[in-house]
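For reference, the structure is listed below as structure tokens.
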Amino acid sequence: MDSIGYTVDDGVAILTLNRPDQLNSFNAAMRRALNEAIDKAVADEAVRCLLITGAGRGFCAGQDLGERKPLPNGEKHDLSLTLDADYNPLMRKLDALEKPIVCAVNGVAAGAGVSLALSSDICFASEKARFILSFVNIGLAPDCGATWILPRLIGPQRALAFALSGEAVPARQAEQWGMIWQCVGEEELMPTALAFAKNLATKAPGSLGAIRQAMRAAWRNSLSEQLDLERDTQQRLGYTDDYGEGVTAFRERRTPRFTGR
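Here the sequence shown is numbered in my numbering, starting from 68 and rising by one per residue.
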């Protein structure tokens with residue numbers, strides 16, 4: 068069984084975390100497979116949006132602790148090695164994508180699963196989903212960018228309470244906090260998320276990528292820097308065929324046919 072399912076539907080690459088018996092927790096094989104699936108989606112010009120979800124009753128339970136077998140002579144695992152080799156490159160890759168990411172959280176998201184979900188641009192969650200930063204419960208601290216993402220999404224007080232308590236945040240609460248875009252019924256999750264992703268896939272690819280990167284740059288930039296970025300982005304997109312097509316379609320009152328050129 069492949070640890071990552073991969074299908075394409077109307078311009079949307081659907082990546083399914085597929086270790087349901089382990090709540091789709093990350094082992095080495097799944098980390099590699101997810102990286103490869105993302106690369107495949109990026110390289111495919113027919114793919115304009117990524118949709119990430121989980122198989123079974125969980126989204127992603129984070130690191131598979133069963134992968135960390137006891138070492139001889141009481142030696143300790145150097146946890147930084149896996150972060151440097153796999154997790155941190157994955158999070159940097161997701162941040163740098165030019166294609167938007169939609170996430171459909173179908174169940175529990177814990178540890179790195181929280182970071183994966185919140186690294187998306189638009190996150191939907193089932194009303195049965197829960198988010199939990201369980202690091203404090205095993206003597207660790209959050210990783211995979213959680214301490215960077217969460218304060219920006221929900222503010223420092225909520226982010227600290229979430230991380231320090233180790234308690235689960237239900238999807239409805241996450242929606243109220245602005246941590247996710249929308250909480251929907253269990254049966255509505257994939258149809259809703261897929262419809263949203265398919266709509267994105269009809270937009271101009273250059274525009275999607277530029278908006279995604281500009282919004283993320285705003286977390287780091289001053290107003291002056293952001294104004295310069297917006298100016299340069301408008302200049303670049305103004306030379307594209309898709310901009311010309313968009314204006315022509317608007318004048319002709321028809322749906323634009325964007326080509327990514």
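Glycine included, each C-beta is placed from N, C-alpha and C at the ideal position.
Bear in mind that the values here come from a model prediction, so they are computed numbers and not experimental data.
- A distance of 8 Å or more separates the beta carbons of valine 114 and valine 175.
- Bridge pairing for leucine 290: absent [DSSP].
- In terms of Cα proximity to alanine 271, the closest of Arg99, Pro167 and Ile81 is Pro167.
- Per DSSP, the continuous alpha helix (DSSP H) segment holding tyrosine 310 begins and ends at 308–319.
- Methionine 282 is classed as exposed because its beta carbon has fewer than 16 other beta carbons within 10 Å across all chains shown.
- Burial is judged here by how many other beta carbons sit within 10 angstroms of a residue's own beta carbon; isoleucine 71 has at least 16 and is buried.
- Glutamate 253 sits close to glutamate 194, with the two beta carbons spaced by under 8 Å.
- Between leucine 117 and leucine 82, the gap from beta carbon to beta carbon is short of 8 Å.
- Secondary structure at phenylalanine 263: helix, using DSSP grouped into helix, strand and coil.
- By the criterion of at least three beta-carbon pairs nearer than 8 Å, the segment 176–184 is in contact with the segment 123–131.
- Secondary structure of serine 193 (DSSP, three-state): strand.
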